[in-house]
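Participant: Let me give you the structure first, and then I'll get to my questions.
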Amino acid sequence: MKKYIIFAISFLLLLSLFQVISGWFLTFMYTPDVTDAWNVSANLSSEVVIRSDNRNDLLTIFFAFLSAIIAYFISWKMTKN
């Protein structure tokens with residue numbers, strides 16, 4: 172039971188950390204194209220359409236997998252002693 176609790180806590184902390192770092196990095200690297208947005212703005216509708224980008228799903232799965240691997244080794248190392 173102790174091993175599972177250590178794994179769960181370390182997994183949640185690592186996944187949260189990776190998601191925050193990923194969001195920070197993606198926000199930092201984003202450069203909007205202002206001139207193209209200004210030219211297209213005249214033809215925009217007044218409705219808001221929310222869509223998802225599938226590239227971020229693969230990145231999320233990768234970070235979850237990486238967090239699980241690291242959390243497993245943390246729980247293995249802490250219960251080994």
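Oh and the sequence shown: position 32 is 203 in our numbering, straight run, nothing missing.
Ideal Cβ positions, reconstructed from N, Cα and C, are used throughout, including at glycine.
1) Please classify Y243: does DSSP put it in a helix, a strand, or coil?
2) Roughly how many angstroms lie between the CA atoms of K248 and A179, to the nearest whole one?
3) Of the residues Y201, Y243, T206, L237, which one's Cα is nearest the Cα of F189?
4) Could you give the DSSP three-state label for S212: helix, strand or coil?
5) On the three-state DSSP scale, how would you describe D204?
6) Considering only the alpha carbon of each residue, which of L186, K174, T202 lies closest to F233?
Facilitator: On the basis of the data shown:
1) Residue state for Y243 is assigned as helix, using DSSP reduced to three classes.
2) One C-alpha to the other measures close to 14 angstroms.
3) Ranking Y201, Y243, T206, L237 by Cα distance to F189 puts L237 first.
4) Here S212 sits in helix by DSSP.
5) In the structure shown, D204 sits in coil (DSSP, three-state: anything other than H, G, I, E or B).
6) Closest by alpha carbon: L186.
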